[in-house]
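Chemist:
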Amino acid sequence: MVSSYIAPLLLAIYLSAAGAVNPGFVVRLTQNGLDYARQVGIGVLQQELAKVHIPDFSGSTHTHVGKVKYSFNSMTIRNFQLPSSQISPVPSVGFKLSISGAFIEINGKWHVKALHMSTKGGFDLKVEGLSISVGLKVGSDAAGRPDIALSDCSNHISDVKIHVSGKLSWLVDVFRHKVDSALRKAIENQICPVVGNAIADKLEPVLQTLPVTAKIDKVAAIDYSLTGPPPVTADCVDLQLKGEFFEMSHRTPPPFSAPSLTLPVDHNLMLYFGVSDYLFNTAGFVYYSAGKLVFLVTDNMIPKDFNIRLNTSSFGVLIPQLSKMYPDMLMKLQISSTSAPALDIKPGNVTISPKLDIQAFVILPNSSLAPAFLLNLTTTAVAKVSVNSGRIVGNLELSRVLMDLKHSDVGPFSVAILNAAVNYYLSHVLLPQVNQILNKGYPLPLLDNLQLTDVVLQPQQDFLLFGANVHYGKAGNRTWPDVTSI
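Dropping the structure here:
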């Protein structure tokens, strides 16, 4: 009997674990980041609350001077201030925004009829001690973007002070408590609907600018969709993104998974980004699968000051049988990756060790190609990574090349004699082509008009960690500081 319950439970646990997806990219918003977002948001909320419409109201009451009819109208807010606020994460839910000490100053007109008299005037109203409590729930929408919704809202006014001017203004004092109560209720009823509209009309559109897909070129794009609702802890919120390159014409899942990614506890900056090696390695997989990791080197690409030209005459000095078989002919090299290159990220060090084939061809007089020899190379390059204008950019520096002869159509020879030429071609021709691509960079998943400042970057085990402060707003002509390479 017990086993009939255990089996489905074990199956559910297995399926849950199998369906778990580690993110390839994590964006952490710290308390400092939340405080900055609060400052920006409070400015917007204050503008929206200043537009609150306070409806006219009227009534009548019996006083010691008889029945009095009154009306208050043409009320406008001349000042609305939210001087003190704070925001704090609510674990597994979202955030709590608390506003205290807010005050409102209002102008309006009044009209009173009593004892066959009719009089009117103006009034100034000051609402003091307004407190607002707002609950915000975070989640993810169908497109994989974060969304935020109002979960609860309440507000309270501590005191309402009214100053009345005009003839017989003392009549208002007779029923002042009714005026205070009516105005208090009218204002309190307006606050939370305005807050809800501000979230829907102002905040949600900003979140919608977070890119879910970032197109890189005609071949590939990056999937930046959320893997699920953002986890919220007591001191931060993490946006866990898929962080995966994919081929746009034919999406194929990579034959490897993202490793577990745990960001260090460091909350000095507003944002922290964890960029898993998975992101970079899916790029290598996509471009390799698409056949794009093939580079051609011809003699006109060789700097003029290099004395080993890409022709059979120069190579004939190193491989005599080559110039005998093909005298005074140009050559061409085809350099191709034999497998998808993978980035190796360790604390303080980022390297890549692609395995390459170099096929040498002789260009015959009829422009056809005759294979000469095939070299197999194992290389190691140090990757310098930085952030520039919201993009991850890179640069490779060659540090080691191991070579062996895979096949020769011109007879056996020692590959050691080609070491200088091959190293020069790789360093001065191939690497500049690769670095030109890497210098264009990959776009970070950032909201529109969000600028990074004070960027710091350091490699961790299996991922790059970088932190930054932010500025929200159009940068104009300002040059934002970028982080230098690792």
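For the sequence shown, my numbering assigns the number 775 to the initial residue and increments by one for each residue that follows.
Glycine included, each C-beta is placed from N, C-alpha and C at the ideal position.
Assuming contact is defined by CB atoms lying nearer than 9 Å, are phenylalanine 1147 and leucine 1179 in contact in what I supplied?
Modeler: On the sequence shown, residue 1147 is found 373 positions in, with the first residue counted as 1. On the sequence shown, residue 1179 is found 405 positions in, with the first residue counted as 1. Their beta carbons are under 9 Å apart, which means phenylalanine 1147 touches leucine 1179 by this criterion.
Chemist: Among Lys1129, Gly896, His1245, which has the Cα closest to the Cα of serine 845?
Modeler: By 1-based counting over the sequence shown, the position of residue 845 is 71. If we check each option's Cα against that of serine 845, Gly896 comes out closest.
Chemist: Whose C-beta lies closer than 6 Å to the C-beta of glycine 875 among residues of the same chain, with five residues either side of it excluded?
Modeler: Taking the first residue of the sequence shown as 1, we reach residue 875 at position 101. Around glycine 875: Pro857, Ser858.
Chemist: Thinking just about the alpha-carbon of each residue, which of Ala1134, Arg1165, Leu924 is nearest to the one in aspartate 1183?
Modeler: Numbered from its first residue, the sequence shown carries residue 1183 at position 409. From the listed residues Ala1134, Arg1165, Leu924, the smallest Cα separation to aspartate 1183 is found for Ala1134.
Chemist: For the pair the region 1090–1102 and the region 1166–1178, tell me if three or more CB-CB distances fall below 8 Å.
Modeler: no
Chemist: According to the neighbour-count rule (16 or more other Cβ atoms, all chains shown, within 10 Å of its Cβ), is serine 778 buried or exposed?
Modeler: To locate residue 778, count along the sequence shown from 1; it is residue 4. Confidence at serine 778 is low in this model, with a pLDDT of 43, below 50, so its placement is unreliable and the value that follows should be read with caution. By the 10 Å Cβ count, serine 778 comes out exposed.
Chemist: For alanine 1155, count neighbouring Cβ atoms within 10 angstroms of its own Cβ and tell me buried if that reaches 16, exposed if not.
Modeler: For this step, residue 1155 is matched to residue 381 along the sequence shown. Within a 10 Å sphere around the beta-carbon of alanine 1155 sit 16 or more other beta-carbons, which makes this residue buried.
Chemist: Classify arginine 812: buried if its beta carbon has 16 or more other beta carbons within 10 angstroms, exposed otherwise.
Modeler: Reading the sequence shown from its first residue, position 38 is the one you call residue 812. Buried is the call here.
Chemist: Should threonine 1026 be labelled buried (16 or more other beta-carbon atoms within 10 Å of its own) or exposed?
Modeler: Counting from 1 along the sequence shown, the entry for residue 1026 is found at position 252. Exposed, since its Cβ has fewer than 16 Cβ neighbours within 10 Å.
Chemist: Would you mind sorting valine 1068 into buried or exposed? The rule is 16 or more other CB atoms within 10 Å of its CB.
Modeler: Against the sequence shown, residue 1068 aligns to sequence position 294. Classification for valine 1068: exposed.
Chemist: Tell me, to the nearest whole angstrom, how far the beta carbon of glycine 1048 is from that of valine 814; I am working on the premise that it is less than 8 Å.
Modeler: As a working note, residue 1048 is residue 274 in the sequence shown. As a working note, residue 814 is residue 40 in the sequence shown. Their Cβ separation, rounded to whole angstroms, is 24 Å, which puts glycine 1048 and valine 814 out of contact at 8 Å.
Chemist: Taking contact to mean 3 or more Cβ pairs, one atom from each stretch, closer than 8 Å, check whether the region 1039–1055 and the region 1239–1248 are in contact.
Modeler: yes
Chemist: What's the call for valine 776, buried or exposed, on a 16-neighbour Cβ count within 10 Å?
Modeler: Sequence index remark: in the sequence shown, residue 776 carries index 2 (1-based). Only weak support exists for where valine 776 lies, its pLDDT of 40 falling under 50; the value from the coordinates is given anyway. Flag for valine 776 reads exposed.
Chemist: List the DSSP bridge partners of alanine 1144.
Modeler: Within the sequence shown, numbered from 1, the residue matching residue 1144 stands at position 370. Bridge partners of alanine 1144: Val1136.
Chemist: Can you tell me whether DSSP reads asparagine 1042 as helix, strand or coil?
Modeler: Start at 1 with the first residue of the sequence shown, and residue 1042 comes out as number 268. In the three-state DSSP reduction, asparagine 1042 falls in the coil class, being neither helix nor strand.
Chemist: Restricting to runs no shorter than 4 residues, where is the alpha helix (DSSP H) found entirely within the region 1152–1217?
Modeler: 1193–1199, 1205–1214
Chemist: Tell me the start and end of each unbroken alpha helix (DSSP H) in the region 1047–1092 that is at least 4 residues and wholly inside, in chain order.
Modeler: 1051–1063, 1086–1092
Chemist: Counting C-beta neighbours from all protein chains within 10 Å, is the total for phenylalanine 1030 16 or more, i.e. buried, or is it exposed?
Modeler: For the purposes of this step, residue 1030 is taken as residue 256 along the sequence shown, with counting starting at 1. Phenylalanine 1030 comes out exposed.
Chemist: What is the DSSP secondary structure of histidine 827, reduced to helix, strand or coil?
Modeler: Here residue 827 refers to the residue found at position 53 when the sequence shown is read from its first residue. Histidine 827 falls in the coil class under three-state DSSP.
Chemist: So, does the CB of leucine 984 fall closer than 9 Å to a CB anywhere in chain B?
Modeler: This model lacks chain B altogether; it includes just one protein chain.
Chemist: To the nearest whole angstrom, what separates the beta carbons of glycine 903 and aspartate 933, a pair I think is in contact under 8 Å?
Modeler: The count along the sequence shown starts at 1 and reaches residue 903 at position 129. The count along the sequence shown starts at 1 and reaches residue 933 at position 159. Yes, they are in contact, since the Cβ atoms of glycine 903 and aspartate 933 sit about 5 Å apart, within 8 Å.
Chemist: Spell out the partners DSSP gives isoleucine 878 in its beta bridges.
Modeler: The residue you call residue 878 lines up with position 104 of the sequence shown. DSSP output for isoleucine 878 lists Phe854, Val901 as bridge partner(s).
Chemist: What residue range is occupied by the uninterrupted alpha helix (DSSP H) comprising aspartate 933?
Modeler: In the sequence shown, residue 933 corresponds to position 159, counting from 1. Careful: aspartate 933 lies outside any alpha helix (DSSP H), inside the beta strand (DSSP E) at 933–939.
Chemist: For lysine 952, report the span of its alpha helix (DSSP H) as first-last.
Modeler: For the purposes of this step, residue 952 is identified with residue 178 of the sequence shown, where counting begins at 1. 950–972 is the span of the alpha helix (DSSP H), which, as asked, contains lysine 952.
Chemist: Report yes if the CB atom of glutamine 1014 is closer than 9 Å to the CB atom of proline 797, and no otherwise.
Modeler: Taking the sequence shown and counting its residues from 1, the one referred to as residue 1014 is at position 240. Taking the sequence shown and counting its residues from 1, the one referred to as residue 797 is at position 23. It is a contact, given that the beta carbons lie within the stated cut-off.
Chemist: Using CA atoms only, rank isn't needed, just tell me which of Asp991, Asp1040, Ser999 is closest to isoleucine 1211.
Modeler: Position 437 of the sequence shown, counted from the start, is the residue given in the question as residue 1211. Residue Asp991 is the option with its Cα nearest to isoleucine 1211.
Chemist: Figure out for me which residue from Pro1005, Val1011, Pro920 has the closest Cα to the Cα of glutamate 978.
Modeler: On the sequence shown, residue 978 is found 204 positions in, with the first residue counted as 1. When only C-alpha atoms are compared, the closest one is Pro920.
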